[in-house]
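Protein chains in written order, with the numbering used here: chain R, 7 to 467; chain E, 7 to 467.
What follows is the structure in structure tokens.
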């Protein structure tokens with residue numbers, strides 16, 4: 007317990023360190039890599055993807071990577087009781103891992119500059135390792151994954167974080183990845199690689215605010231929790247601002263065993279109320295969807311399209327490849343509504359059913375909108391009126407990308423709004439206020455916080 | 007934390023109390039109810055079940071209760087890489103709840119004598135409440151469920167245990183139930199009902215050893231953990247015997263946050279190694295299965311049969327009904343191998359994939375055999391040679407029934423074997439030694455310990 011507290015303190019020190027003598031300017035490092043990387047991305051018809059076949063489902067000739075299948079969904083959550091949609095099935099557990107090392111006494115994170123074909127801003131900071139099993143077992147015959155050996159079993163891993171956590175449950179069926187942070191002793195030499203650099207959490211906070219950190223790195227970073235112990239005092243002078251100081255304090259509040267048990271009971275109550283029944287079906291058995299050889303799309307242009315993408319790049323394991331991608335209807339938005347209540351910063355979360363959720367529902371942002379899933383304004387979720395809050399209440403407003411290895415131009419607006427303490431927010435029964443500390447404890451137990459909420463949590467580090 | 011420790015101590019006091027002035031003799035109480043209950047159970051053809059239809063799946067005319075469907079399974083766990091089988095789909099979350107109350111300072115559990123049509127010994131001790139949502143919402147128009155109000159949300163529940171836990175994953179798809187223990191203040195009056203009686207944990211231990219406690223009560227009881235704090239000393243004089251004293255001590259050992267994190271990492275390592283891909287299919291699409299109107303059965307008599315049962319009874323919500331049941335090939339066996347290692351009693355558990363598991367695998371007994379799933383001796387799992395251990399190593403040997411509301415004559419032999427400390431046991435990589443305390447912590451987090459292992463844990467209370 008004391009060990010994890012001291013590590014949590016170490017993370018906090020790193021978060022409050024915004025300049026490091028060790029690293030090149032992170033903005034410049036990224037810009038430089040962007041300039042030297044060469045790539046070209048083109049949409050191509052699905053039927054032209056040489057290694058992929060479409061019949062009952064869309065499948066790679068190796069049988070690996072992932073498939074796109076149909077899913078029939080029934081639920082009493084939300085405005086639509088029944089629909090069918092394509093969904094990505096990828097049962098492999100990928101590794102998302104970040105190496106950390108104390109340099110001059112401060113945790114630095116080994117971040118990789120990575121190109122993902124689907125991203126709007128093509129080059130971003132990624133985790134040290136971001137590899138599907140198909141990837142690192144080199145099914146495609148590509149180059150070995152650097153630093154992978156630090157995260158595999160059978161090695162002497164000094165594990166700070168190790169969680170199996172869900173991915174986008176509107177697009178993936180039961181997908182989860184392994185989120186890891188592994189520490190290297192200060193005196194261990196780590197081989198240097200191009201495109202890799204050591205950043206403090208404080209430096210990463212700035213890159214997060216700029217939208218320069220990819221989805222896979224954000225979900226790992228969201229696992230970090232802070233302690234405030236010993237002689238470390240956080241106030242307006244050490245934290246970036248008053249709200250940041252409140253967020254740091256929130257990591258340490260209402261996270262006892264009793265708080266956790268009460269939250270679990272509330273979540274089970276929600277799982278009794280809401281239903282979810284899904285069934286994998288053939289692509290041709292989906293009602294309302296069209297496949298004409300070029301793409302798979304909804305007849306009214308709703309939800310998303312499955313398209314082909316041809317990619318030429320130098321900064322990835324394989325120089326040239328083509329693959330299917332999911333391209334959502336633009337305009338995704340996630341927002342946390344926060345409030346200081348008797349001195350405690352809490353976040354209003356909701357229990358949300360999504361078709362691909364492993365256990366029916368998880369905690370989601372206060373507001374989570376995918377325009378493709380809304381037919382019109384009647385389908386909008388509760389509390390959307392807060393999206394027009396005055397600028398004085400906006401604590402974060404940035405555009406973040408989803409995983410550019412599967413999703414094409416999937417940008418999500420991230421908002422954090424702080425509502426004044428004297429304002430009462432009327433929310434349905436499946437909404438609940440929680441501290442960041444409580445959300446952190448739930449994340450340690452299993453599939454309780456969805457990836458959209460975790461992405462916002464990373465931005466609050 | 008202190009609250010839960012003191013409750014754990016209260017549970018221990020109850021476990022060490024084997025006679026209560028409050029209760030009739032539990033053997034006699036059960037025998038008396040058995041004598042007055044009247045019931046008649048007959049196998050009938052599936053197609054004669056008036057409210058059930060078989061087409062693509064077996065379904066009730068209300069669309070509620072449960073369905074029996076086909077499941078196509080692929081896994082790299084065990085000897086068979088691919089098969090199809092019928093599976094029960096019941097997405098409702100049932101409540102398994104026990105009321106406890108301090109009587110003369112000792113926790114007593116309100117147990118119900120219940121008849122289940124599938125059980126070989128038809129009358130058993132059950133939890134206070136054992137109700138599916140279809141049950142307690144009275145889809146079948148039956149009588150209300152007594153004591154249900156103590157377990158529903160919106161009431162002032164004093165919750166000691168509240169866990170969503172998995173059910174039999176070879177027979178159910180993704181099934182889970184809510185396991186609850188709710189305390190009533192000592193001075194609150196609880197209305198008395200026929201067929202209900204207050205028992206201490208010590209009295210329940212005896213009934214467990216006799217096979218008189220049903221599956222649903224066992225999974226709730228398995229959630230109980232002991233603390234040994236304050237002036238309570240457990241030794242050979244207070245505990246039933248030396249092994250019981252060791253088991254009680256094991257509840258309190260190697261259960262820290264660090265131990266839990268290491269166990270979680272080991273479990274994720276296993277989830278990377280083993281695969282599971284399941285797909286719900288139509289009953290007619292199963293290879294190797296026969297449906298001729300009477301039953302659904304494997305062409306070689308393997309696995310189990312789905313049969314119809316007609317029941318007349320007085321001690322259940324509805325006097326007369328008929329329903330489908332799953333009848334396994336007889337001979338199921340579960341066993342824990344235990345060992346005292348440097349003074350710590352540990353249990354050898356295995357990470358096991360079952361087709362209906364929510365998250366690929368859970369911890370299972372050291373040995374778990376369903377003869378229907380074995381073609382011949384080559385299919386037997388590791389360590390079966392220990393089943394012939396001399397009687398001096400046998401700490402428990404009893405026959406326990408599975409849920410008699412779904413399973414017909416599903417009796418499982420339960421064995422606990424203690425292997426001498428100087429004996430080295432060679433087990434594959436997916437086996438790991440754990441204390442009862444660590445298993446208890448894992449059970450608090452989610453779907454980590456399967457129902458077969460929990461049933462054995464209840465017998466070790």
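Yeah, the Cβ is synthetic: ideal placement off N, Cα and C, and Gly gets one too.
Sequence-distant residues of the same chain with beta carbon closer than 6 Å to residue i, five excluded per side
i: residue 217 of chain E; result: 404, 405 and 406
i: residue 466 of chain E; result: 253
i: residue 300 of chain E; result: 51
i: residue 212 of chain R; result: none
Beta-carbon proximity check, residue i vs residue j, cutoff 8 Å
i: residue 408 of chain E; j: residue 172 of chain E; result: no
i: residue 361 of chain E; j: residue 132 of chain E; result: no
i: residue 419 of chain R; j: residue 354 of chain R; result: no
i: residue 214 of chain E; j: residue 443 of chain E; result: no
i: residue 447 of chain E; j: residue 272 of chain E; result: no
i: residue 378 of chain R; j: residue 297 of chain R; result: no
i: residue 410 of chain R; j: residue 125 of chain R; result: yes
i: residue 26 of chain E; j: residue 203 of chain E; result: no
i: residue 352 of chain E; j: residue 221 of chain E; result: no
Closest Cα partner of residue i within the set the options
i: residue 227 of chain R; options: R/441, R/453 and R/20; result: R/20
i: residue 194 of chain E; options: E/162, E/167, E/92 and E/179; result: E/162
i: residue 318 of chain E; options: E/35, E/155, E/310 and E/328; result: E/328
i: residue 417 of chain E; options: E/449, E/394, E/458 and E/382; result: E/458
i: residue 460 of chain R; options: R/84, R/33 and R/229; result: R/229
i: residue 85 of chain E; options: E/433, E/392, E/454 and E/383; result: E/383
i: residue 245 of chain E; options: E/424, E/17, E/334 and E/22; result: E/22
i: residue 96 of chain R; options: E/306, E/357, E/12 and E/282; result: E/282
i: residue 83 of chain E; options: E/390, E/250 and E/357; result: E/357
i: residue 422 of chain R; options: R/430, R/445, R/398 and R/429; result: R/398
i: residue 12 of chain R; options: R/111, R/429 and R/348; result: R/111
Limits of the unbroken alpha helix (DSSP H) element including residue i
i: residue 107 of chain R; result: Residue 107 of chain R -> not in any alpha helix (DSSP H); beta strand (DSSP E) instead, spanning 100 to 109.
i: residue 250 of chain R; result: 248 to 256
i: residue 209 of chain R; result: 207 to 215
i: residue 458 of chain E; result: 457 to 465
i: residue 405 of chain R; result: From DSSP, residue 405 of chain R is part of no alpha helix (DSSP H) but of the beta strand (DSSP E) over 400 to 407.
i: residue 55 of chain E; result: Per DSSP, residue 55 of chain E belongs to no alpha helix (DSSP H) and is neither H nor E.
i: residue 41 of chain E; result: 32 to 42
i: residue 292 of chain R; result: Premise fails: residue 292 of chain R is in no alpha helix (DSSP H) and is neither H nor E.
i: residue 223 of chain R; result: 221 to 227
For residue j and residue i, believed in contact at Cβ under 8 Å, the rounded distance
i: residue 289 of chain E; j: residue 64 of chain E; result: 7 Å
i: residue 138 of chain E; j: residue 118 of chain E; result: No, residue 138 of chain E and residue 118 of chain E are not in contact; Cβ-Cβ is about 16 Å, not under 8 Å.
i: residue 342 of chain R; j: residue 371 of chain R; result: 6 Å
i: residue 401 of chain E; j: residue 424 of chain E; result: 5 Å
i: residue 427 of chain E; j: residue 345 of chain E; result: 6 Å
i: residue 46 of chain E; j: residue 129 of chain E; result: Wrong, their Cβ atoms sit about 14 Å apart, outside the cutoff.
i: residue 94 of chain R; j: residue 178 of chain R; result: 5 Å
7 Å CB neighbourhood of residue i in its chain, flanking five on each side removed
i: residue 49 of chain R; result: 313, 314 and 315
i: residue 236 of chain E; result: Model confidence at residue 236 of chain E stands at a pLDDT of 44, short of 50, so the residue's coordinates are unreliable; what they give is reported in the following sentence. Taken in chain order, the residues that qualify are 15.
i: residue 277 of chain R; result: 366 and 367
i: residue 180 of chain E; result: 362 and 364
i: residue 185 of chain E; result: 102, 167, 169, 171, 225, 226 and 229
i: residue 17 of chain E; result: 113, 207, 230 and 232
i: residue 434 of chain R; result: 388
Contact set for residue i: own chain, Cβ-Cβ below 8 Å, skip 5 residues either direction
i: residue 287 of chain E; result: 75, 76, 77, 78 and 90
i: residue 190 of chain E; result: 105, 106, 107, 156, 164 and 196
i: residue 386 of chain R; result: 375 and 380
i: residue 36 of chain E; result: 119, 129, 130, 131, 213 and 218
Residue i CB to nearest heavy atom of the ligand GDP below 7 Å
i: residue 53 of chain E; result: Annotation note on the ligand GDP: not contained in the displayed structure, which lists no ligands.
Boundaries of the beta strand (DSSP E) in which residue i is found, first to last residue
i: residue 296 of chain E; result: 295 to 297
i: residue 330 of chain R; result: 326 to 334
i: residue 277 of chain E; result: It is not in any beta strand (DSSP E) - residue 277 of chain E instead sits in the alpha helix (DSSP H) that spans 263 to 279.
i: residue 393 of chain E; result: Run containing residue 393 of chain E: none; DSSP gives neither H nor E here.
i: residue 354 of chain E; result: 350 to 359
i: residue 450 of chain E; result: Not the beta strand (DSSP E): residue 450 of chain E falls in the alpha helix (DSSP H), residues 442 to 451.
i: residue 89 of chain R; result: 88 to 95
Report the residues of the stretch 253 to 269 of chain E with a CB closer than 8 Å to any CB of chain B, ordered along the chain. In summary, chain B is missing from the structure at hand, where the protein chains are R and E.
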